[in-house]
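What follows is a short report on a single structure.
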Amino acid sequence: MRKRLPLLASPRLILALGLATMTAPAMAQDNPAAHQHGHAELQIAFAGEQIDLLLESPAWNLLGFEHQPRTKEQRQKLDGLREWVAANALINTEGGNCRVTTSELHTGWEGHEAHDDQGHDQDAHANHSDLEITQSLRCDALPDASAFTAPILDAYPTLEHLNVQWVSAQGQGGTRLTRSDNRFRPGQ
């Protein structure tokens, strides 16, 4: 029996991250303001029925704030996002046959809540924080020509555009999704 690697050690995710690293300079030239509210980046690695994803987004797009939660309402929003990401695939087939097998949400302020604030500038972590979401999906009976949608665009209305890049055994590609144009077909 072959042991399954954890998501962060997955060869597919490493391949997707390699794709992101190769294309980042070109994307930065197209988008001089890398941290843009309303915009996010999604890298996808397809391998049979397994899909690994990496979403990078300004925290504001998904939470409405970009700092460590300070209020009960903000903590609830962060908890709600964690629950949504654990239960909902960032992308799915039109038939909805993908399920989340692993998910992680990382914030730009993690690890800052436990330190001594003496002499610490609270605003140093308050501006332009990004979120990173990783997911592994299992999509049963995935046909080669599957069309996908990105439910996160409907779930979080402040996210206006999603730049998607993918890599698979058939090649690589990319597209830009919006709520009104929320469908893509890798390999075409």
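Quick note on the working numbering: the sequence shown kicks off at 166 and runs consecutively. Glycine is no exception: its CB is placed at the ideal position from the N, C-alpha and C atoms. Bear in mind the structure is a predicted one, so any value in this text is a computation, not a measurement.
Item, Value
"State the start and end residues of the unbroken beta strand (DSSP E) segment that holds Ile317.", "Per DSSP, Ile317 belongs to no beta strand (DSSP E); it is in the alpha helix (DSSP H), 317-320."
"From which residue to which residue does the alpha helix (DSSP H) around Glu248 run?", "237-252"
"Classify Pro351: buried if its beta carbon has 16 or more other beta carbons within 10 angstroms, exposed otherwise.", "buried"
"Cβ of Leu255 within 8 angstroms of Cβ of Leu243?", "no"
"Quick check on Asp324: does DSSP put it in helix, strand or coil?", "It is worth fixing the name first, because residue 324 is Leu in this sequence and not Asp. Looking at Leu324 - three-state DSSP - the assignment turns out to be coil, as it is neither helix nor strand."
"Taking 8 angstroms as the threshold (C-beta atoms), are Arg264 and Ser296 in contact?", "According to the sequence shown, residue 296 is Leu rather than Ser. No, they are not a contact pair."
"Confirm, please, whether the CB-CB distance from Ala224 to Thr272 is below 8 angstroms.", "yes"
"Tell me whether Leu296 sits in a helix, a strand or coil according to DSSP, three-state version.", "strand"
"By a C-beta neighbour count over all protein chains shown, 10 Å radius and 16 as the cutoff for buried, is Asp217 buried or exposed?", "buried"
"Since Leu218 is in the beta strand (DSSP E), which residue starts that stretch and which ends it?", "215-223"
"Could you pull out every residue in the same chain whose Cβ sits closer than 7 angstroms to the Cβ of Pro234, ignoring the five residues on either side in sequence?", "Arg240, Leu243"
"Under the assumption that Leu342 contacts Leu307 (Cβ atoms under 8 angstroms), give the Cβ distance between them as a whole number of angstroms.", "Not quite, the Cβ-Cβ distance comes to about 19 angstroms (not below 8 angstroms), so this is no contact."
"Near Ser333, which residues of its chain fall below 8 angstroms by C-beta distance, leaving aside the five closest residues on each side in sequence?", "Ala210, Phe211, Ala212, Pro351, Gly352"
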